[in-house]
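See structure below.
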């Protein structure tokens, strides 16, 4: 199978994860059960998902000039990701995500920090890398105008572009037109999707049901849920990998669903992300 060249333009965060038996009410303090710090950020998660499957992944991003930033970049290098386009901000700290885990569900608050410096001007310095990619993947934990510029640039140069519109913001018709695929979850899709003429671009993740495309639901693979945090990012990284490798879109979605089934079986966004041979085996066992 072809090794796709994937460029991710996106966020890097340190995930501050607290497990808790009950969410406190407003003004209330109660005790959590455990606390861990884990590498995260939607961009980093998706880059690692694609790299672990075997993609040739480059990452355009920013971190703070601090200990967390250095740790996160070192972690990405260990995952065989090209980090040459990751800059260190002198003005903002590394982004963080506060994650409350309660009854196998999660609530997340993100502070963008250096991710806000992944500007159009910054990304424009890596145009050759974008042009030489098989597929470019972006999210919206960076400035939305950066993702919009990437969509336009990729369309102009014949490069496939996937936008994972999370957190969801209103997007122009031009962004829809320039995306190859857009991958919201159900709630994000309600906010974003209003034009039936772009239905062929819309892939809606449906949690335990799988993913919707062109009026069909491509089913998920059953798995024992430990933590849903990394499922969507694993899906998107895998979708970029399998479409970049030349799979049909429906088969790529089925394989991405299979990859996501591994991610929910372990605590943390990245721990459960699978290798290609694991996905292949589970996929064949479930067709």
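Numbering (my numbering), first residue to last: 139 to 425. Using N, Cα and C, we set each Cβ at its ideal position, and we do this for glycine too. Computed from a predicted structure; not experimentally measured.
Identity of the residue in the options nearest residue i by Cα
| i | options | result |
| --- | --- | --- |
| residue 408 | 160, 158 and 186 | 186 |
| residue 336 | 201, 272, 178 and 318 | 318 |
| residue 307 | 290, 277, 262 and 297 | 277 |
| residue 249 | 243, 280 and 260 | 280 |
| residue 157 | 275, 148, 168 and 181 | 168 |
| residue 207 | 193, 416, 270 and 226 | 226 |
Three-state class that DSSP yields for residue i in the structure shown
| i | result |
| --- | --- |
| residue 365 | coil |
| residue 371 | helix |
| residue 143 | strand |
| residue 270 | coil |
| residue 417 | helix |
| residue 289 | helix |
| residue 150 | coil |
| residue 86 | With the chain covering 139 to 425 only, the question about residue 86 has no answer from this structure. |
| residue 277 | strand |
Rounded C-alpha distance that separates residue i from residue j
| i | j | result |
| --- | --- | --- |
| residue 284 | residue 361 | 36 Å |
| residue 388 | residue 346 | 17 Å |
| residue 359 | residue 229 | 44 Å |
| residue 238 | residue 159 | 10 Å |
| residue 396 | residue 340 | 19 Å |
| residue 380 | residue 369 | 16 Å |
| residue 348 | residue 394 | 9 Å |
| residue 299 | residue 328 | 21 Å |
| residue 145 | residue 166 | 44 Å |
| residue 196 | residue 219 | 6 Å |
| residue 224 | residue 209 | 13 Å |
| residue 385 | residue 378 | 10 Å |
| residue 289 | residue 254 | 18 Å |
| residue 320 | residue 174 | 32 Å |
| residue 315 | residue 338 | 11 Å |
| residue 367 | residue 246 | 9 Å |
Bounding residues of the alpha helix (DSSP H) (the contiguous stretch that carries residue i)
| i | result |
| --- | --- |
| residue 197 | Premise fails: residue 197 lies in the beta strand (DSSP E), 194-202, not in any alpha helix (DSSP H). |
| residue 349 | No alpha helix (DSSP H) contains residue 349, which is instead part of the beta strand (DSSP E) from 348-351. |
| residue 225 | Residue 225 -> not in any alpha helix (DSSP H); beta strand (DSSP E) instead, spanning 224-227. |
Inter-residue CB distance, residue i and residue j (contact presumed, cutoff 8 Å)
| i | j | result |
| --- | --- | --- |
| residue 232 | residue 152 | 6 Å |
| residue 252 | residue 202 | 5 Å |
| residue 402 | residue 356 | Not really, about 17 Å apart at Cβ, beyond 8 Å. |
| residue 374 | residue 141 | Residue 374 to residue 141, Cβ: 18 Å. No contact. |
| residue 413 | residue 191 | 7 Å |
| residue 180 | residue 302 | 7 Å |
| residue 430 | residue 149 | The requested residue 430 does not occur in the structure, where the chain is confined to residues 139 to 425. |
| residue 410 | residue 176 | Going by Cβ atoms, the distance from residue 410 to residue 176 rounds to 12 Å, so no, they are not a contact pair. |
Beta strand (DSSP E) segment containing residue i, residue limits
| i | result |
| --- | --- |
| residue 178 | 172-178 |
| residue 256 | Per DSSP, residue 256 belongs to no beta strand (DSSP E) and is neither H nor E. |
| residue 235 | 233-240 |
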